[in-house]
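2 protein chains.
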Amino acid sequence: MSQPPGTARPGGRTAQNRAAVVEATLAELAERGYDQTTIESVALRAGVHKTTVYRRWRTKERLVAEALEATAEVQIEVPDTGDLALDLQTLARGVRAVLTSTVGSAAVRTLVSGAQSSPEVAQVLRTFWAGRLTKVIPIVERAVADGRLPPGTDSIELMKYLAAPLFHRVLVTAEPVNDKDADRAAAAVLAAARAGVFVVI
Amino acid sequence: MSQPPGTARPGGRTAQNRAAVVEATLAELAERGYDQTTIESVALRAGVHKTTVYRRWRTKERLVAEALEATAEVQIEVPDTGDLALDLQTLARGVRAVLTSTVGSAAVRTLVSGAQSSPEVAQVLRTFWAGRLTKVIPIVERAVADGRLPPGTDSIELMKYLAAPLFHRVLVTAEPVNDKDADRAAAAVLAAARAGVFVVI
DNA sequence: GGTTAATGCAACTGTTTGTTGCAATTACGC
DNA sequence: GCGTAATTGCAACAAACAGTTGCATTAACC
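Just so you know, the sequences run in chain order A and B.
Counting from 1, one number per residue, gives the positions in the first sequence under the working numbering.
Counting from 1001, one number per residue, gives the positions in the second sequence under the working numbering.
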């Protein structure tokens, strides 16, 4: 009993409940936002009693952190056509798809409200987005090797600039994001990259 | 009594209390964040009883909205040198200064997080940024007239792309933002604009 | 099939949010 | 100044919520 519940008998109903609670947490985060998400609302949605959630996760922060970690395997498609403009466009559309998905929406909403008060949640979110930023590295490296981009182009910074306008629409202007917006973001970052904006000395 | 308090006798102590509460609200938002800011904490800080705040503002959302509206006078410097690259750079540094100011950073995070649960706060957010986005219009129009930018360039969209990377650093990656970052954002948006990314058909 | 971990349930405590009646204070017209 | 009514302070209150605990029930694992 010194160990938290769910460790000694992790199969059967325990695993089922864990999955249901994680899914309910993400849905609540996406629909209602971080501060409107309560342990009770998650338990109700998951069809589980609140004491079960309290006993296994202890706090809302850990619950949110684990739920977001469980989505880490959701991947953005990595394009590999060799056409830089097309690859960036595909990547941008992938970012758009993540941003507008249930998981992505939950991550974004948690990012701006929950991460302020919880270092634990903030750390998970950093890991979450860092894993997605690396997607662009091979694409950029090949373009540099082929001479289609200037040598020394910082692929991580390029990826941030690819995603930034899409985040901006979601977070700041609260506008919808469609494929046309993703295409524009890709075109903008391509022009900037060709101009050497992302070249690190 | 059908009207909210503070309208019939707006002078004297009423005005003094209103100013104290607004100032306390901004301070709380800056120090503790949106969800940690409560009406009671604001009242305590302002040296006013909580019933006064409840009776006059009714909800936390209206209180926050009014407090943030009071900061709308903070202006970004409008460059006018005629050098497009330099003007964009100056503008980007102005955005950076707003984003990184003590009150500004908290205000931005508050706007973004509060806007997700409160349409009223969201409206303040839109108005706030709409007033700043227009800053770039004359600069872009002159550049288009001089042939330094393609005809049909959307100045509002350009301004969003100028600000997006700076917001991204503050909100998503939680990285510090300095003048070098602002300069890079300006260079990126200039390259994109010259490539015709912001041309509307 | 037996044991025991995990869960459901209800009842509880403590905290927070928001309200209300009433007395004290004070802004504003005269 | 002065009277009156709006505003505020105060205390007490109701309601909602967070989090805990004891105990009975269920079911995972040997």
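Ideal Cβ placement from N, Cα and C applies to all residues, glycine included.
As the structure is a prediction and not an experimental result, all values here were calculated from the model.
Please report the Cβ distance between residue i and residue j, rounded to the nearest whole angstrom; I am assuming they are in contact, meaning their Cβ atoms lie under 8 Å.
i, j, result
"A1046 (chain B)", "A1024 (chain B)", "4 Å"
"T59 (chain A)", "L26 (chain A)", "No, T59 (chain A) and L26 (chain A) are not in contact; Cβ-Cβ is about 17 Å, not under 8 Å."
"V64 (chain A)", "L29 (chain A)", "7 Å"
"D1154 (chain B)", "A1092 (chain B)", "So it is not a contact: roughly 18 Å between Cβ atoms."
"A1191 (chain B)", "A191 (chain A)", "5 Å"
"A1020 (chain B)", "V1048 (chain B)", "6 Å"
"V1170 (chain B)", "V1098 (chain B)", "Wrong, their Cβ atoms sit about 10 Å apart, outside the cutoff."
"D1035 (chain B)", "D80 (chain A)", "42 Å between Cβ atoms; not a contact."
Relative to the C-alpha of residue i, which candidate in the options has its C-alpha closest?
i, options, result
"R18 (chain A)", "A:T37, A:R56 and A:R109", "A:R56"
"V1197 (chain B)", "B:D1181, B:F1167, B:K1160 and B:V1177", "B:K1160"
"G1131 (chain B)", "B:A1143, B:L1149 and B:V1078", "B:V1078"
"V1144 (chain B)", "B:V1108, B:A1193 and B:V1112", "B:A1193"
"T1037 (chain B)", "A:R109, A:D179, A:S113 and A:H49", "A:S113"
"R1096 (chain B)", "B:I1039, B:A1164 and B:V1172", "B:A1164"
"R62 (chain A)", "A:E120, A:G82, A:R32 and A:V98", "A:E120"
"R148 (chain A)", "A:L125, A:T134, A:A85 and A:E69", "A:A85"
"A1185 (chain B)", "B:T1051, B:V1200 and B:H1168", "B:H1168"
"T100 (chain A)", "A:D181, A:V199 and A:V22", "A:D181"
"L125 (chain A)", "B:Q1123, B:A1174 and B:A1020", "B:A1174"
"L1088 (chain B)", "B:V1199, B:I1201 and B:V1189", "B:V1189"
"W1129 (chain B)", "A:D80, A:V21, A:V42 and A:V172", "A:V172"
"D83 (chain A)", "A:L162, A:T134, A:A106 and A:R142", "A:R142"
"T102 (chain A)", "A:E31, A:P150 and A:V21", "A:E31"
"Q123 (chain A)", "A:N178, A:E69, A:A20 and A:I201", "A:E69"
"V1199 (chain B)", "B:P1150, B:N1178 and B:I1156", "B:P1150"
"L1162 (chain B)", "B:G1152, B:L1133 and B:P1176", "B:L1133"
"G1033 (chain B)", "A:S118, A:L158 and A:A15", "A:S118"
"V22 (chain A)", "A:G12, A:I39 and A:D35", "A:I39"
"N178 (chain A)", "A:G94, A:A43 and A:L44", "A:G94"
"E157 (chain A)", "B:V1042, B:I1201 and B:L1166", "B:L1166"
"P212 (chain A)", "A:S105, A:K50, A:G152 and A:T14", "An answer regarding residue 212 (chain A) cannot be provided, because it is not within the stretch 1 to 201 covered by chain A."
Are the C-beta atoms of residue i and some chain A residue less than 8 Å apart?
i, result
"S1113 (chain B)", "yes"
"D1035 (chain B)", "yes"
"R1184 (chain B)", "yes"
"A1000 (chain B)", "Given that chain B is displayed from residue 1001 to residue 1201, the structure contains no residue 1000 (chain B) and the question cannot be resolved."
"R1109 (chain B)", "yes"
"A1195 (chain B)", "yes"
"A1192 (chain B)", "yes"
"L1088 (chain B)", "no"
Using beta carbons (cut-off 8 Å, strictly below), is residue i in contact with chain B?
i, result
"V42 (chain A)", "no"
"W129 (chain A)", "yes"
"A187 (chain A)", "yes"
"V95 (chain A)", "no"
"A27 (chain A)", "no"
"V230 (chain A)", "No answer is possible for residue 230 (chain A): it lies beyond the span of chain A, which begins at 1 and ends at 201."
"A85 (chain A)", "no"
"A30 (chain A)", "no"
"M1 (chain A)", "The predicted position of M1 (chain A) is uncertain, since its pLDDT is 40 and thus under 50; no value can be drawn from it."
Say the cut is 7 Å; is the CB of residue i nearer than that to a heavy atom of the ligand ZN?
i, result
"T38 (chain A)", "Absence of the ligand ZN from the depicted structure is noted, as is the absence of any ligand whatsoever, leaving it without description."
Quick one: which residues of the stretch 154 to 180 of chain A get their C-beta closer than 9 Å to a C-beta of chain B? List them in chain order.
E157, K160, Y161, A163, A164, P165, L166, F167, H168, R169, L171, V172, T173 and A174
With three or more beta-carbon pairs closer than 8 Å as the criterion, would you say the stretch 1128 to 1143 of chain B touches the stretch 135 to 146 of chain A?
no
Contact list for the stretch 59 to 83 of chain A against chain B, Cβ threshold 9 Å:
none
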